[in-house]
Ligand SMILES: [Cu+2]
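In the UniProt record's numbering, the protein residues as written are 1 to 251.
1) Curious, which full-length alpha helix (DSSP H) runs of at least 4 residues does the UniProt domain "Phytocyanin" (103–203) contain?
2) Closer than 6 Å by C-beta to residue 7: which residues in its own chain qualify, once you throw out the five before and the five after it? Chain order, please.
3) I need the DSSP call for residue 67, collapsed to helix, strand or coil.
4) Between residue 96 and residue 104, what straight-line distance do the alpha-carbon atoms span, to the nearest angstrom?
5) Leaving aside the five residues before and after residue 201 along the sequence, list all residues of the same chain whose C-beta is less than 8 Å from its C-beta, in chain order.
6) Quick one: is the Cβ of residue 120 within less than 8 Å of any heavy atom of ligand 1?
7) Let me have the residue list for ligand 1: C-beta closer than 5 Å to any non-hydrogen atom, ordered along the chain.
8) Give me the Cα-Cα distance between residue 151 and residue 171, rounded to the nearest whole angstrom.
9) Can you tell me which of the three DSSP states residue 24 falls into?
10) Hey, out of 90, 79, 56, whose CA is closest to residue 27's CA?
11) Are the Cβ atoms of residue 148 and residue 113 separated by less than 9 Å?
12) Taking contact to mean at least 3 C-beta pairs separated by less than 8 Å, is the stretch 156–166 in contact with the stretch 113–123?
13) On a CA-only basis, which of 53, 64, 62 is nearest residue 70? Give me that one, please.
14) Taking the alpha carbon of residue 197 as the point to measure from, which residue in 153, 64, 4, 72 has its own alpha carbon closest?
15) Rounded to a whole number of angstroms, what is the C-alpha to C-alpha distance between residue 135 and residue 183?
16) Going by DSSP, which residues form a beta bridge with residue 79?
17) Taking 8 Å as the limit between beta carbons, can you name the residues of its chain near residue 109, skipping five residues before and five after?
18) Between which two residues does the beta strand (DSSP E) holding residue 37 run?
19) Taking residue 6 as part of the beta strand (DSSP E), name the residues at either end of that continuous run.
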C-alpha cells in the first residue's frame, strides 16, 4: 500500500522547519510518493534539475537514502530547508526456502543392488544431501555392501568381511558431505560386473540458510520530472552554497 507524504505537513516546504523531526516517525517505502508543496521555493540544485512547480510529486522508486534541498541561496544553508530520508524496500521479503525433507534412495531403483547395473547412470540425476538415506536391496547371501575409500573403489578391494553390510536391506544414512564410495565385496562383482557406486553428498539442510541480499545503496530515484538525486549532487550543492556564503561574507 503506497503512502503519499506531504513534506512538512501543514507547513509544506518552507524555511526554518525541522524536516528531520517531521520525517523521524515515518517509514518511507518504495512506491511511496513525496509531495512537496511550496509557493516560493524549489527542490534541489542545479536549477535545470530542480522541481519548481510548487506542487512537486516525487515517487520513491528504489530503496536507499534520498537527499532533497531547496536551491535558493541560504534556504538550505541558513534555514535548514533540506531533508534526508531513507527509503525501505517495500516488497515483502522472500520467504526462506524450506529445507528439503530427507530422501530415501533405493540404490538402483527397481533393480536393487545386483551385478551389471550402471549405478552411475542411476545416480547422475539425483542430488544426495546430508540426512538422506541409501537403501541397498538384494537377496541376502548373494551380495553385500562395503563403504570404501577412493582407491579401494577404483581397484575393487573389499575390506574385512566384518565391515560389510549383509542383511539384504542395508540402510545407510548419509551423515556428512563429500564423496562416498560403495562396492559389493563378493569376488568379481565389483571388478567384473561393475557393482559399485560413487556419490557426492551435499551439505543440504544443515547448510546455513542463504542470506537475503540487503538492498544496496540506490543512486537514482524516479520522479515526476525524471531527475536523479545523487549524493554527488548534494555535495555539489553544499559546495556551491559554501562558496556563495563565502563570497557574500567577503563583500
Ligand atoms: Cu555382489
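Backbone N, C-alpha and C define an ideal beta-carbon position, used for all residues, glycine too.
The structure says:
1) 119–123, 150–155
2) Against the chain shown, residue 7 aligns to sequence position 7. 13, 34, 36, listed in sequence order.
3) Taking the chain shown and counting its residues from 1, one reaches residue 67 at position 67. Correct three-state label for residue 67: strand.
4) One-based indexing of the chain shown puts residue 96 at position 96. One-based indexing of the chain shown puts residue 104 at position 104. Looking at the two C-alpha atoms, the distance is approximately 24 Å.
5) As a position in the chain shown, residue 201 is number 201, starting the count at 1. Within the same chain, residue 201 has close Cβ partners 128, 129, 130, 132, 174, 176, 177, 178, 179, 180.
6) Within the chain shown, numbered from 1, the residue matching residue 120 stands at position 120. Checking every heavy atom of ligand 1 against the Cβ of residue 120, none is found closer than 8 Å.
7) 143, 184, 186, 189, 195
8) Reading the chain shown from its first residue, position 151 is the one you call residue 151. Reading the chain shown from its first residue, position 171 is the one you call residue 171. The straight-line gap from Cα to Cα measures roughly 23 Å.
9) Here residue 24 is taken as the residue at index 24 of the chain shown, counted from 1. Residue 24 falls in the coil class under three-state DSSP.
10) Along the chain shown, read from residue 1 onward, the residue named residue 27 stands at position 27. When each option's Cα is compared against that of residue 27, the closest is 90.
11) For the purposes of this step, residue 148 is taken as the residue at position 148 of the chain shown. For the purposes of this step, residue 113 is taken as the residue at position 113 of the chain shown. Cβ atoms of residue 148 and residue 113: not closer than 9 Å.
12) no
13) Against the chain shown, residue 70 aligns to sequence position 70. For the residues 53, 64, 62, the minimum Cα distance to residue 70 belongs to 53.
14) On the chain shown, position 197 is the one that residue 197 refers to. Selected option, being the one with the closest Cα: 153.
15) The residue given as residue 135 occupies position 135 in the chain shown. The residue given as residue 183 occupies position 183 in the chain shown. Residue 135 and residue 183: Cα-Cα distance of roughly 13 Å.
16) Within the chain shown, numbered from 1, the residue matching residue 79 stands at position 79. Residue 79 is not bridged to any residue.
17) Start at 1 with the first residue of the chain shown, and residue 109 comes out as number 109. Excluding positions up to five away in sequence, the list reads 122.
18) Looking up residue 37 in the chain shown gives position 37. Residue 37 -> beta strand (DSSP E) spans 33–37.
19) Your numbering for residue 6 matches position 6 in the chain shown. Where residue 6 is concerned, the enclosing beta strand (DSSP E) stretches over 4–6.
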